[in-house]
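**Q** My questions all concern the structure below.
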Amino acid sequence: MPSIVKPVVTHPSLQRNQLGLTLRDYEGSMSTLCAGCGHDSITAAIVRALWEVSIEPHMLAKMSGIGCSSKTPAYFAHGAHGFNSAHGRMPPIATGANAANRELTYIGVSGDGDSLSIGLGHLCHAIRRNVKMVYIIENNGVYGLTKGQFSASADTGSKSKRGEANEMSPIDPVMLALSIGATFVARSFSGDKDQLVPILRAALAHRGFALIDVISPCVTFNDHTGSTKSYLYTRQHELKATEVDFVPPEKEILATIAQNGITSVTMHDGSVVQFKSVPADYDPADRQKATAYLMAQQSKGVIVTGLLFVDESVSDLHEMNRTSHVPLSRIPYENLCPGSAALQELQEDFR
Amino acid sequence: MRPTDVQNPNYYHKVVDCQWACPAHTNVPEYIRLIAQGRYTDAYMLNRESNVFPAILGRTCDRPCEPACRRTRVDGKPVAICRLKRVAADLRGEIAHLLPKIPDKKNGKRIACVGAGPASLTIANDLLPLEYEVTIFEKQDKPGGLMRSNIPAFRLPERVLFEEVNMILDLGVDARFNSPVNSMRDLLSQGFDAIFVGSGAPRGKDLEIPGRHDSERIHIGIDWLESIAFGHTDSIGERVLIIGVGNTAMDCCRSSRRLGGKDIKVMARRPRKYFKASPWELEDAEEESVEIVINYAPKNFVIENGQLKGMDFERLEWDADAKRSQTIDTVFLPADDVILAIGQENAFPWIERDLGIEFDKWDMPVVNEVTMEATRPGVFFGGDSAFGPKNIIWAVEHAHQAAISIHNLCQGIPTSDRPPYGMNLVSQKMGISEWSYHNDYNPVSRQKMQHVDLVERFEQLNIEVELGFTAEQTAREVERCLNCDIQTAFTGPRCIECDACIDVCPVQCLTITRDGEEMDLRTRLSAPALNLEQALYVSAPLPQTARIMAKDEDVCVHCGLCAERCPTAAWDMQKFDLLIPYAGKTACMTSCIPA
Chain F
1 MPSIVKPVVT
11 HPSLQRNQLG
21 LTLRDYEGSM
31 STLCAGCGHD
41 SITAAIVRAL
51 WEVSIEPHML
61 AKMSGIGCSS
71 KTPAYFAHGA
81 HGFNSAHGRM
91 PPIATGANAA
101 NRELTYIGVS
111 GDGDSLSIGL
121 GHLCHAIRRN
131 VKMVYIIENN
141 GVYGLTKGQF
151 SASADTGSKS
161 KRGEANEMSP
171 IDPVMLALSI
181 GATFVARSFS
191 GDKDQLVPIL
201 RAALAHRGFA
211 LIDVISPCVT
221 FNDHTGSTKS
231 YLYTRQHELK
241 ATEVDFVPPE
251 KEILATIAQN
261 GITSVTMHDG
271 SVVQFKSVPA
281 DYDPADRQKA
291 TAYLMAQQSK
301 GVIVTGLLFV
311 DESVSDLHEM
321 NRTSHVPLSR
331 IPYENLCPGS
341 AALQELQEDF
351 R
Chain C
352 MRPTDVQNPN
362 YYHKVVDCQW
372 ACPAHTNVPE
382 YIRLIAQGRY
392 TDAYMLNRES
402 NVFPAILGRT
412 CDRPCEPACR
422 RTRVDGKPVA
432 ICRLKRVAAD
442 LRGEIAHLLP
452 KIPDKKNGKR
462 IACVGAGPAS
472 LTIANDLLPL
482 EYEVTIFEKQ
492 DKPGGLMRSN
502 IPAFRLPERV
512 LFEEVNMILD
522 LGVDARFNSP
532 VNSMRDLLSQ
542 GFDAIFVGSG
552 APRGKDLEIP
562 GRHDSERIHI
572 GIDWLESIAF
582 GHTDSIGERV
592 LIIGVGNTAM
602 DCCRSSRRLG
612 GKDIKVMARR
622 PRKYFKASPW
632 ELEDAEEESV
642 EIVINYAPKN
652 FVIENGQLKG
662 MDFERLEWDA
672 DAKRSQTIDT
682 VFLPADDVIL
692 AIGQENAFPW
702 IERDLGIEFD
712 KWDMPVVNEV
722 TMEATRPGVF
732 FGGDSAFGPK
742 NIIWAVEHAH
752 QAAISIHNLC
762 QGIPTSDRPP
772 YGMNLVSQKM
782 GISEWSYHND
792 YNPVSRQKMQ
802 HVDLVERFEQ
812 LNIEVELGFT
822 AEQTAREVER
832 CLNCDIQTAF
842 TGPRCIECDA
852 CIDVCPVQCL
862 TITRDGEEMD
872 LRTRLSAPAL
882 NLEQALYVSA
892 PLPQTARIMA
902 KDEDVCVHCG
912 LCAERCPTAA
922 WDMQKFDLLI
932 PYAGKTACMT
942 SCIPA
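These protein sequence lines are chains F and C, in that order.
Residue numbers for the first sequence follow this note's numbering, so the first one is 1 and each next one is one higher.
Residue numbers for the second sequence follow this note's numbering, so the first one is 352 and each next one is one higher.
This is the structure in structure tokens:
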């Protein structure tokens with residue numbers, strides 16, 4: 001535990017967003033994670049992204065399960081709604097919440113244990129349903145909360161703090177998501193906010209389920225020599241396949257920028273994601289090519305980062321199910337529950 | 352940018368804004384912490400080491416430290432450093448046993464000081480422990496110099512003045528009162544090994560306009576204050592005009608209020624923001640119903656039948672930056688007395704000009720700013736007599752430097768040989784998330800000094816107006832100090848660039864970024880570093896990415912969270928202790944931390 005709460009004092013030139021809020025207004029309580037934890041940097045990136053898009057904190061719902069990662073929603077946006085679910089059960093709870101109220105913005109924060117072991121099935125179905133939410137996997141390759149056992153994302157051959165090598169093959173959330181129809185797939189690194197913040201902004205603008213796998217070194221159990229998820233290893237093996245700029249809908253895109261081999265994807269809300277310095281053999285709009293590229297790089301031991309795949313054409317949960325545009329909480333009770341007579345009538349149809 | 356050289360004591364010293372701004376470099380944060388711990392005697396002695404007169408300065412200092420205070424940049428108001436000094440002085444215990452020990456044996460060197468003000472007394476304080484014999488010549492019958500004659504008793508009670516002045520005289524000074532020095536030639540012939548001139552700037556400037564010499568009711572400010580201090584003046588007319596708006600003018604108007612003045616106006620030529628008086632002195636005067644009138648230039652005195660009737664003023668209209676003015680009209684203001692407080696000058700009629708002591712074109716002695724030595728070896732100047740009117744704390748610092756020079760001279764070392772400053776840096780880490788200083792930021796606002804009731808304070812001339820801080824006020828005010836001496840020290844090779852420090856910093860001081868020239872770098876930080884007077888602390892390239900760590904010192908609140916959230920102890924909070932050399936004590940022999 002830190003000795004003090006982060007002082008309320010701020011820098012005199014602290015800027016305000018469109019809502020008149022400062023970055024500090026999107027913070028939460030003090031982190032109780034280990035000093036130097038990658039998760040705290042991701043928290044800071046989320047704080048910045050939320051501030052930049054000027055989201056109203058009360059229109060945000062923070063969803064999580066169990067694990068070090070799942071503690072982090074407490075550390076940002078103290079004015080938001082939140083639900084800390086049972087282990088691995090965050091995707092169905094988020095799906096339910098989204099089904100009931102599509103007006104909120106959903107941010108799920110999970111970890112490699114929560115999402116790739118106990119909650120793997122739930123994650124897959126949330127991806128398939130294209131639930132509109134940002135889903136962040138804070139991926140450190142170990143179970144930090146239970147003293148550093150290998151998780152399902154630990155690379156084969158990666159060494160534990162005690163020196164033992166992992167023998168099982170890893171589940172790569174990015175490859176998994178691409179293979180089951182995910183519509184927004186990204187990978188980033190907690191130590192690179194310049195990359196992570198625009199990806200988060202793009203994810204918030206995405207039409208459906210936005211998966212962001214963030215390599216987030218565990219300073220206590222997985223930041224040593226031999227680990228493939230340490231700060232140093234990630235920096236040495238990272239390849240930025242794409243660099244993105246996020247252009248909010250209200251900003252006009254200058255024609256000169258739109259040229260010069262920059263690929264642009266218009267998001268559902270009218271904002272634009274511009275891809276810069278994409279390798280020639282890579283197309284973030286082509287699932288097959290993206291998958292092939294990632295597999296090729298993976299076999300060379302390269303950690304590919306960036307916004308790797310986007311498809312804005314797929315309907316989300318509500319569009320597929322043709323459900324109410326109005327949150328259930330605002331639908332009059334008589335309409336929500338028309339009574340036993342109406343039920344009788346419905347049942348008659350099935351006889 | 353070049354990595355910051357933190358081996359040079361000046362770097363961390365400059366971070367401690369108050370200490371850097373103080374001419375005598377008093378260790379402010381440390382004495383404030385001592386007060387917080389209730390260690391008033393230690394706080395007093397720590398002050399005394401550098402500024403010699405804590406009780407006097409705690410009431411009268413010009414406070415160069417306060418405008419510099421970091422707290423001003425954080426929440427608008429500086430820590431009440433000066434009044435906390437008074438707290439230490441008011442509440443201290445017995446200190447006789449802590450004062451310098453004066454050996455019975457003497458080294459045979461005799462030093463003469465002219466004037467018994469703060470500068471000469473500091474010379475005695477520094478040199479008596481080194482076996483010197485110090486003789487002070489004073490024209491008045493009491494010591495204290497301008498501290499006595501020019502600072503009214505309602506700001507500095509005689510008891511307080513006496514106590515600290517006698518503390519030095521009792522060390523064994525050969526003090527000769529009623530002994531004006533009328534001839535430097537004569538003094539030089541008396542065989543002293545060194546002569547220190549600390550005679551102040553005793554001549555008030557005059558205002559030569561028509562009628563000036565036609566009435567006895569026109570006074571020179573500092574002479575008039577002196578005549579009050581020595582009991583020669585005890586009344587004034589009801590309508591008083593004070594010409595000038597410096598701190599002497601403030602003392603004159605408030606003294607007038609106590610001697611019978613009812614309608615008192617301070618007349619200023621220029622708008623308020625160009626006033627020389629300290630803002631707090633202006634406030635204190637206005638609290639006592641003194642009217643401050645701006646844009647009035649004195650034109651002439653109006654005298655009828657040998658009696659002062661008042662003065663004519665030209666009403667001025669100034670341009671935007673108050674450089675040029677136009678006269679609007681002429682206005683008559685009635686007055687029974689007029690006090691001229693438009694500045695002071697040095698006067699050395701007693702120094703013959705053929706002794707090798709050079710004077711410049713303004714008739715000021717030519718004095719070396721480092722050694723305080725005149726052009727004639729063995730003659731030194733300090734305080735107001737050296738470079739014109741400054742203040743008490745400068746006089747003390749001049750004298751500390753002159754004492755080093757005199758000690759060098761007497762040992763046959765060149766006076767230009769200056770002992771270096773040193774520093775100590777000690778980690779304040781006590782354990783995980785545990786520091787040996789109180790690191791939390793306290794948002795409490797500056798405590799307001801309580802004053803004696805507005806009727807009661809005028810009953811006698813010597814009722815001290817400021818009551819001092821209460822225990823509760825002291826407890827709150829000490830927590831406003833940001834502990835700027837607890838430095839953020841960075842060890843680059845340990846950094847793993849996890850961003851924890853950057854994320855946790857409440858005031859966006861820290862950035863990891865690619866290297867660049869300073870002016871470019873200042874624009875690329877977490878928050879732009881626009882205050883060019885505050886340094887950037889820049890590391891060498893970091894191990895993993897060869898980027899650099901940059902810290903903008905400007906508004907760091909020294910909360911220590913960067914060090915607390917650092918997994919590798921690349922950041923640490925280390926207490927900086929500036930080791931100041933004094934006469935006979937090299938920096939490594941001084942220690943500012945009382946045991």
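In this text, a Cβ means the ideal position worked out from N, Cα and C, and glycines have one as well.
Enumerated in chain order, which unbroken segments of the alpha helix (DSSP H) with a length of 4 residues or greater are wholly contained in the region 15-73 of chain F?
**A** 38-52 and 68-71
**Q** Quick one: what's C/Ile343 bridged to in DSSP?
**A** No statement about residue 343 of chain C is possible, as the shown extent of chain C runs from 352 to 946 and does not include it.
**Q** Given this structure, state the Cα-to-Cα distance separating C/Val548 from C/Ala934, to the nearest angstrom.
**A** 18 Å
**Q** Are the region 300-314 of chain F and the region 269-289 of chain F touching by the rule of at least three beta carbon pairs closer than 8 Å?
**A** yes
**Q** Taking Cβ to Cβ, would you say C/Val948 is nearer than 8 Å to C/Val653?
**A** Any answer about residue 948 of chain C is impossible in this case: the structure gives chain C only from 352 up to 946.
**Q** Which residue from C/Ala394, C/Met781 and C/Ile579 puts its Cα closest to that of C/Asn501?
**A** Closest option to C/Asn501, Cα to Cα, is C/Ile579.
**Q** Relative to the alpha-carbon of C/Ile446, which residue among C/Asn402, C/Pro494 and C/Thr392 has its alpha-carbon at the smallest distance?
**A** C/Thr392
**Q** Would DSSP call C/Tyr625 helix, strand or coil?
**A** helix
**Q** Does the beta carbon of C/Trp922 sit closer than 8 Å to a beta carbon anywhere in chain F?
**A** Residue contact check for C/Trp922 against chain F: no CB pair falls below 8 Å.
**Q** According to DSSP, simplified to helix, strand and coil, what is C/Trp922?
**A** strand
**Q** Rounded to the nearest angstrom, how far is the Cβ of F/Ser69 from that of F/Gly111, given a contact under 8 Å?
**A** 3 Å
**Q** Which chain F residues are close to C/Cys369, counting only those with a beta carbon under 8 Å from its beta carbon?
**A** Under the 8 Å cutoff, chain F gives no residues; its nearest Cβ is about 18 Å from C/Cys369.
**Q** Give a yes or no on whether the C-beta atoms belonging to F/Val131 and F/Asp269 are separated by under 8 Å.
**A** no
**Q** Quick one: does F/Ala255 have its CB under 8 Å from some CB of chain C?
**A** The predicted position of F/Ala255 is uncertain, since its pLDDT is 39 and thus under 50; no value can be drawn from it.
**Q** Using 10 angstroms around the beta-carbon of F/Lys300, count the other beta-carbons present and answer buried if the total reaches 16, otherwise exposed.
**A** exposed
**Q** Compare the C-alpha of C/Asn834 against each of C/Asn790, C/Arg620, C/Thr862 and C/Leu861 and name the closest.
**A** C/Asn790
**Q** Count the CB pairs spanning the region 859-877 of chain C and the region 805-817 of chain C that are closer than 8 Å, and state whether there are at least three.
**A** no
**Q** Which residue or residues does DSSP assign as beta-bridge partners of C/Leu333?
**A** This structure does not reach residue 333 of chain C, given that chain C is present from 352 up to 946, and the question cannot be answered.
**Q** Beta-carbon of C/Pro304 versus every beta-carbon of chain F: anything under 8 Å?
**A** There is simply no residue 304 of chain C to check, as chain C begins at 352 and stops at 946 in what is shown.
**Q** Where do the N-terminal and C-terminal ends of the beta strand (DSSP E) with C/Trp701 fall, by residue?
**A** Unbroken run through C/Trp701: none, as it is neither H nor E.
**Q** With 7 Å as the limit, tell me which residues of the region 293-323 of chain F have their beta carbon closer than that to any beta carbon of chain C; keep them in chain order.
**A** none
**Q** Taking just the CA atoms, how far does F/Val219 sit from F/Lys147?
**A** 12 Å
**Q** Extract the residue ranges of the alpha helix (DSSP H) inside the region 104-153 of chain F, only unbroken runs of 4 or more that lie entirely within it.
**A** 120-129
**Q** Buried or exposed, going by whether 16 or more other CB atoms sit within 10 Å of the CB of F/Gly38?
**A** By the 10 Å Cβ count, F/Gly38 comes out buried.
**Q** Give the residues from the region 842-858 of chain C that approach chain F closer than 7 Å (Cβ to any Cβ), ordered along the chain.
**A** Ile847, Glu848, Cys849, Asp850, Ala851, Asp854, Val855, Pro857 and Val858
**Q** In or out: F/Ser13 buried (at least 16 other Cβ within 10 Å) or exposed?
**A** exposed
**Q** Is C/Pro857 near F/Val9, with beta carbons less than 8 Å apart?
**A** yes
**Q** Can you look up F/Thr256 in the DSSP assignment and give me helix, strand or coil?
**A** In this prediction, F/Thr256 scores a pLDDT of 40, lower than 50, which makes its location untrustworthy; the coordinate-derived value is nonetheless stated afterwards. F/Thr256: helix per DSSP, three-state reduction.
**Q** What residues in the region 222-233 of chain F have a beta carbon less than 9 Å from any beta carbon of chain C?
**A** Asp223, Ser230, Tyr231 and Leu232
**Q** What residue range does the alpha helix (DSSP H) around C/Gln388 cover?
**A** Where C/Gln388 is concerned, there is no enclosing alpha helix (DSSP H), given that its DSSP letter is neither H nor E.
**Q** Can you list, in chain order, the residues of the region 765-786 of chain C whose Cβ is nearer than 7 Å to any Cβ on chain F?
**A** Ser784, Glu785 and Trp786
**Q** From the DSSP output, which residues share a beta bridge with C/Ile643?
**A** C/Val617
**Q** For my contact list, F/Phe189 and F/Glu238 are in at a C-beta cut-off of 8 Å; report their separation, rounded to the angstrom.
**A** 6 Å
**Q** For C/Pro765, which residues of its own chain have a beta-carbon under 8 Å away from its beta-carbon, when the five flanking residues on both sides are left out?
**A** Asn759
**Q** Given that F/His11 touches chain C, what residues does it touch there, using C-beta distances under 7 Å?
**A** Val858, Gln859, Ala878 and Val906
**Q** So with CB distances below 8 Å, who are the chain C contacts of F/Lys159?
**A** Correct list: empty, because the minimum Cβ distance to chain C is about 18 Å.
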